[in-house]
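Visitor: Residue numbers (my numbering): 1 to 130.
There's a structure below that I have some questions on.
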């Protein structure tokens with residue numbers, strides 16, 4: 001939306017297409033190691049997924065530059081906008097992997113519990129440093 005206020009809609013559409021191509025090509029390039037990693041921990045490849053975080057720099061000409069790919073990106077929301085983006089991404093992920101509504105509630109509940117534990121540990125570590 002912000003880009004569409006500054007650039008022609010067609011240029012923004014082209015940027016998204018280029019970013020999707022970057023993601024697709026990078027996954028194809030790593031298909032062997034990804035497949036090996038999945039089969040080493042999962043009996044069926046269709047029962048596994050991984051969230052990847054792409055850091056892409058977009059220059060003033062709307063040319064995307066891949067900086068890095070994170071195989072364990074942070075899901076911690078640092079801002080309100082990030083929180084909205086990450087919530088929507090997790091919702092879309094559940095839709096893609098077809099997690100039932102009941103199971104979603106279990107996953108969300110467990111994720112919240114683990115997140116609270118992580119925050120407590122971080123707080124304890126900070127207190128110990130002082």
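All residues carry an ideal CB built from backbone N, CA and C; glycine is no exception.
So, for residue 58: in the same chain, excluding its five sequence neighbours on each side, which residues have a beta-carbon less than 7 Å away from its beta-carbon?
Guide: Along the chain shown, one-based indexing puts residue 58 at 58. Hits under 7 Å: 15, 64.
Visitor: As an exercise, report each continuous beta strand (DSSP E) stretch of at least 3 residues that is fully enclosed by the region 11–91, in chain order.
Guide: DSSP runs (the beta strand (DSSP E)) wholly in the region 11–91: 53–58, 64–70.
Visitor: Out of curiosity, what's the CA-to-CA distance linking residue 95 and residue 24?
Guide: Your numbering for residue 95 matches position 95 in the chain shown. Your numbering for residue 24 matches position 24 in the chain shown. Looking at the two C-alpha atoms, the distance is approximately 20 Å.
Visitor: If you draw a straight line from the C-alpha of residue 97 to the C-alpha of residue 48, how long is it?
Guide: On the chain shown, position 97 is the one that residue 97 refers to. On the chain shown, position 48 is the one that residue 48 refers to. Taking the straight line from one Cα to the other gives about 9 Å.
Visitor: Hey, could you find the ends of the alpha helix (DSSP H) residue 5 is sitting in?
Guide: Reading the chain shown from its first residue, position 5 is the one you call residue 5. Element bounds for residue 5: 2–6.
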